[in-house]
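Worksheet: the structure to be examined is printed underneath.
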Amino acid sequence: MAHEQHPVGDRYDFAAIQDTWLPIWDEQKLFETTGPDPEGIRGHKYVLDMFPYPSGDLHMGHAEAFGFGDTVARYWRHQGYRVLHPIGWDSFGLPAENAAIKRGVDPREWTYSNIDQQKRSFRLYAPSFDWSRVLHTSDPEYYRWNQWLFLQMFEKGLAYRKDSWVNWDPVDQTVLANEQVLADGTSERSGAMVVKKKLTQWYFRITDYADRLLDDLDALEGRWPSKVLAMQRNWIGRSRGADVDFRIEGRDEPVTVFTTRPDTLAGVTFLVVAPDSDLAAELVAGADEATAAEFADYLAEVQKVSEVERQDAARPKTGRFIGRYALHPITGERLPIWTADYVLADYGHGAVMAVPAHDQRDLDFARAFDLPVTVVLDVPVADADGAEHADNDPAATGVALTGEGTLINSGALDGLSKAEAIPAAIAALEAEGTGRPATTYRLRDWLISRQRYWGTPIPIIHGQDGSLHPVPESELPVELPPSAGLDLKPKGASPLGAATDWVEVTNPVDGTPARRDPDTMDTFVDSSWYFLRFFGPHDQTRPFDPEEAKRWGPVDQYVGGVEHAILHLLYSRFITKVLHDLGHIDFDEPFTSVLNQGMVLMDGSKMSKSKGNLVEFAEQLTEYGADALRVTLAFAGPPEDDIDWADVSPAGSSKFLARAWRIAADVEAVGVSAAVEGGDRALRRATHRLLADAPGLVESFKFNVLVARLMELVNVTRKTIDSGAGAGDGAVREAAEALALLLDLYAPFTAADMWAKLGHDDPVALVRWPEAEPALLVEDTVVAVVQVNGKLRDRLQVSPSIGADELRALALASEAVTRAVGDAEIAAVIVREPKLVNIAIKR
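Residue numbering for the sequence shown follows my numbering, starting at 2 and increasing by one per position.
Here it is in structure tokens:
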């Protein structure tokens, strides 16, 4: 569609340009990917943004993230690929439910009205989405397949129910997975301090995949941010060591303790069990009444403290002796058993062997309660001056000996190093039948049940005898009942339990009365596989089209915030591996490459209404237009860096776009241009260098550098026009076309209008970039810098192929160099042809 059919005018007016092109794009549906592939494509690329949560209108963080994702999608189209770039909404979850409760409305009403608003904003921002594949996770046609996934995992033993201590959000009145508890012990949802509560909950057995989730990170090196890989490795937290069995007086079964240092077994002087563990409760049950009462009081105190606080090494140690003894597996010595809050119930087996001489936490506890300290490692200790000395009694110094050393007081292990002693200790334990090699993980199974309304119902029916029955697949989806009449306020139990007509059903096995599971799924289940649903978002017969999965999967480029480095990415990797193992897909990692964008700040702080520093996306869009916002965000710095809106200039971006647009308008005004080959050669060289460099800049996410290079080309082109070459020069038209093509990455409205002004009918977004001409990339001359004693004295225009001797002679013949050297003796001449000569002289 030629530009003459939709004139914008003779000045740059972003609003008029947007109004011109939006209805055209609505009609063209340029980015839909249904149907057979067009001829001549290079292949397929799948570009995906972490889909938004509809908590209101789009904000500046969305503008940044979706701008970057769209740059990558548009780039791959220009490279000749067919690109899948879909959009959907993560529309279940607590924020919607809490907002609906606050406003007294149905969560559906609040959620879908926000989605409609975000859709309108996205249309103005113009990401190149395939709008034919839109999904919402709160649609029954989507969450039906959440339930299908749950049943697949239930059948394979990967979904199970158990009674355990869980993280409890006292404000939102629901459980949280470990990953949803922040470093300070608060809920990432409500901000409340998380407490422990014992409940029967549903889990996914992610720990079965711990080794694969950890080891497969190696293949993502260089393609995922190193910080994200480190965070995932730390969260999985694999530790290798040994399980050691300690017999307990008065108990038939031994207590098993995991340790990474079995070589220090001779230094064990007591055992510690987690106060909130089942083991502690069992051991205390066999103690006297006074001990049991003390323990109960202590447990109540511990439950008021977050796990983060409990692991704080600087916190004073607390504990209780529980009146029981263990027997040392080697010496048979009686070891007192204590309970202390620095041991967590879900680490190892909920108990640790204390080696206070060589573990600081154990030492602090031993000193606090006057327990013995036995040194079994001879570790050199240095004073402040670095001199080694023999004062290495931890009981006296209060400093555990944690460095490398030689085993002492350890019988057959004496004289061995740590590396030699660990396998020898494990072998000795195996020979005695009191231990074995073992591996443990920080990772815990994924707790997926939530006691709230706005989520996917769990497709399980509970019989009167406690039996669990999956809902038949033919009866999916199990839809949420209407919220009308239900009290959605958080109260510790799911509101669905009060939906009598919904929750009371018939046992599918024997026809007796039964009840649906009243809990809903963690919304991270929804987002763990949504990228697959885009392969067939409206398919009513299967979760996704397997042929589409083969064509598009896995995601080539994923873009989103680093705040999801553990939660979402880890869960997605887990579910992908499960679906791969079940034969549904042929890849087992979801995202080939990940790009994390930084935050958009204002005056150094995170934007918020309460701080009065909120920059509204809609206002910026109205004032400056989509293209200026996108260029501003791309130009602000590397994508992973935070952007302070106070330091950037959308007005400046708008002026740059106006200058670029004016070049196309000037070329349009003079009509058909002269032959390109006869055009200004310096401008042609600038154009082709940018065409040659642009792919590498995009693929290395140096979006800001490419914008800077575009600004340079605009300036060079304008100077060429103003210097007399004129807008009719063939090199000017070539530069204008290159500018339009490259600007499509950041400023699609401006690019489309420029392209049409240049006389093209085809959409610029689908045009392949021209190849740079090699002859124009060879420099005719380069600048050789000449220094005398490191100070710049002259610049010489020389051939790129100049030899060292010739460049040396030219430098020494320079008048400026001759003056600088004077009568001084030349000590050395260092030549780095073709760009540097450094002359060293003696003063």
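All C-beta atoms in this analysis are idealised placements derived from N, C-alpha and C, irrespective of residue type, glycine included.
Where Trp-146 is concerned, the enclosing alpha helix (DSSP H) starts and stops at 141-156. For Gln-304, the three-state secondary structure derived from DSSP is coil. A direct Cα-Cα distance of roughly 39 Å separates Arg-362 from Glu-590.
By the CB criterion at 9 Å, Gln-202 and Ile-449 fall inside the cutoff. Between Glu-641 and Val-708, the C-beta gap is not smaller than 9 Å, which leaves the two residues out of contact. When rounded, the separation of the alpha-carbon atoms in Asp-185 and Asp-394 is 34 Å. The beta carbon of Trp-770 lies closer than 6 Å to those of His-79 and Leu-742 in the same chain, with the five residues before and after it left out.
It is roughly 20 Å from the alpha-carbon of Ser-495 to the alpha-carbon of Trp-111. Cβ-Cβ distances below 6 Å link Phe-618 to Leu-59, His-60, Met-61 and Ala-64 in the same chain, with the five nearest sequence neighbours on each side left out; the list follows chain order. Contact check for Trp-169 and Lys-198: beta-carbon distance about 4 Å, within the 8 Å limit, so the pair qualifies. Shortest Cα-Cα distance from Gly-584 to any of Asp-745, Glu-548, Ser-528 and Gln-19 involves Glu-548. Excluding the 5 residues flanking it on each side, Tyr-161 has same chain C-beta neighbours closer than 7 Å at Tyr-204 and Arg-206, in chain order.
Note on Val-273: 16 or more other CB atoms within 10 angstroms of its CB, so buried under the neighbour-count rule. For Glu-28, the closest of Glu-807, Ala-828, Ala-821 and Pro-764 by C-alpha to C-alpha distance is Pro-764. In the three-state DSSP reduction, Asp-170 falls in the strand class (E or B). Annotation: the continuous alpha helix (DSSP H) that includes Pro-424 extends over 419-433. Two segments are said to touch when three or more pairs of C-beta atoms, one from each, lie closer than 8 Å; by this definition the stretch 563-574 does not touch the stretch 505-515.
When C-beta atoms of the stretch 729-748 are compared with those of the stretch 703-721, three or more pairs fall below 8 Å, so the two segments count as touching.
Secondary structure at Asp-244: strand, using DSSP grouped into helix, strand and coil.
With fewer than 16 other beta carbons inside 10 angstroms of its own, Leu-469 counts as exposed.
Three or more Cβ pairs drawn from the stretch 526-541 and the stretch 138-150 lie within less than 8 Å of each other, which places the two stretches in contact.
Contact annotation: the stretch 88-105 does not touch the stretch 13-32, with fewer than three C-beta pairs closer than 8 Å. Leu-630: member of the alpha helix (DSSP H) spanning 627-636, first to last residue.
Contact check for Phe-32 against Trp-132 passes: the beta carbons are separated by less than 9 Å. Residue pairing for Pro-458: DSSP places it in a beta bridge opposite Thr-521. Boundaries of the beta strand (DSSP E) harbouring Gln-598: 595-598, taken from the DSSP string. For Tyr-559, the uninterrupted beta strand (DSSP E) segment begins and ends at 558-562. Going by C-alpha positions, Lys-120 is about 12 Å away from Leu-136. For Trp-203, the enclosing beta strand (DSSP E) covers residues 196-205. Scanning its chain for C-beta atoms nearer than 8 Å, with the 5 sequence neighbours on each side dropped, one finds around Glu-250 the residues Arg-325, Tyr-326, Ala-327, Leu-328 and Arg-335, in chain order.
Within the same chain, and ignoring the five residues on either side of Pro-108 in sequence, the residues whose Cβ sits closer than 6 Å to its Cβ are Ala-97, Glu-98, Ala-101 and Trp-455. DSSP links His-45 through a beta bridge to Arg-83.
Taking a contact to require three or more Cβ pairs closer than 8 Å, the stretch 225-234 and the stretch 296-314 do not qualify as touching. Taking one beta carbon from each stretch, the stretch 658-674 and the stretch 689-701 have fewer than 3 pairs nearer than 8 Å; the two do not touch. Sixteen is the threshold: since fewer than 16 other Cβ atoms of the shown chains lie within 10 Å of the Cβ of Ser-802, the residue is exposed. When DSSP assignments are scanned along the stretch 11-73, the uninterrupted stretches of alpha helix (DSSP H) that are 4 or more residues long and fall wholly within it turn out to be 15-29.
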